[in-house]
DNA sequence: ACTTTATAATCAAGATACTTTATTTTAAAG
DNA sequence: CTTTAAAATAAAGTATCTTGATTATAAAGT
């Protein structure tokens, strides 16, 4: 759509740096909360989704179902999460985040959330649409390629 | 800068989904390559940076220095990485990715890279600037808040 | 209806990976 | 030029993960 390779390159680099910074942020939080990597990844997902299932958590953490069970046991013992029956599937379980966790995690995430909102406030409606559109497209690429890898 | 809360919300959601999809993509790759989570995280970093150090890898994976050593030993034995002397610091070591890894990883990442480039091609220069600007701002927020958490 | 197959979660045993502490080497600071 | 700090490694002990079996329920096939 245009000839400026530098601008395109900048976008790719910025997306990469963004990914790296997310990982480092999560590690910093995990360390503060006394979590290992998988626990930290799990709670990041729950911080986003509020409710999940052991199956989904297993996929997101890359753990087997057995390890997921014991990891959730640990988080439950720490009072960070709770299990409850899944009303739609009596085999299944729902995993929810506990106040106990939210309370101690909030002070650590409040800053970024505020900063992100302030950043977003700087853009016009048209610009926001471009940004969201790009992010959605980026995500779509990843989801599709993930499927391809899984089916290989 | 404007009053449309929906658009702002969409951007935040799109950014979140993007983060989730990255994690799932990395897990899918890691599984294909027979890597555990930390090894996968480590090679993702090396896939981006090409060269790193055990210290940086420890920070990025959340491992202690001791575990980092043994994890790098494993990756070295698999021929995925190599260590070499750091010319600027005789205590230190540089870690590089091996052709062995790039060769088998390439078929898995080629698809997303192509799709991402095609996505980027759709935007005008002005739009690309907005996108890069946003991503850089987002990253800056994370880096700053990570520092704050570390210093708490 | 009911038999078979598949999915969700858990558990226990064994294998793997991680943390901690100490050690070596070199750099930076006093 | 001595002291303190930083980088990487090693070994012992601990924690976590994988595998395979088990239970319960759902979905599919006959």
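Protein chains in written order, with our numbering: chain A, 18 to 169; chain B, 18 to 169. Note that CB positions come from ideal geometry on N, CA and C, so glycine has one too.
| Item | Value |
| --- | --- |
| Interface positions of the stretch 28 to 46 of chain A facing chain B (Cβ-Cβ less than 9 Å), listed along the chain | 28, 29, 30, 31, 32, 33, 34, 35, 36, 37, 38, 39, 40, 41, 42, 43, 44, 45, 46 |
| Whole-angstrom distance between residue 128 of chain B and residue 162 of chain A, CA atom to CA atom | 6 Å |
| Check whether residue 146 of chain B and residue 145 of chain A have beta carbons under 8 Å apart | no |
| heavy atom of the ligand COA below 7 Å from residue 133 of chain A C-beta | By its list of ligands, the structure shown contains no ligand whatsoever, and the ligand COA lies outside what it can speak to. |
| As assigned by DSSP and simplified to three states, the class of residue 108 of chain A | coil |
| Of the listed residues B:32, B:43, B:111, nearest to residue 69 of chain B (C-alpha basis) | B:111 |
| Terminal residues of the beta strand (DSSP E) in which residue 101 of chain B lies | 98 to 102 |
| Assumed close pair residue 64 of chain B, residue 122 of chain B - CB separation to whole angstroms, cut-off 8 Å | 7 Å |
| Beta-carbon neighbours of residue 77 of chain A, restricted to chain B and to distances below 8 Å | 37, 40, 41, 44 |
| Beta carbon of residue 149 of chain B nearer than 8 Å to that of residue 28 of chain A | yes |
| C-alpha gap between residue 97 of chain B and residue 86 of chain B, whole angstroms | 15 Å |
| Reduced DSSP secondary structure (H/G/I, E/B, other) of residue 119 of chain B | helix |
| Positions along the stretch 113 to 138 of chain A whose CB lies within less than 7 Å of some CB in chain B | 125, 128, 129, 132, 133, 136, 137, 138 |
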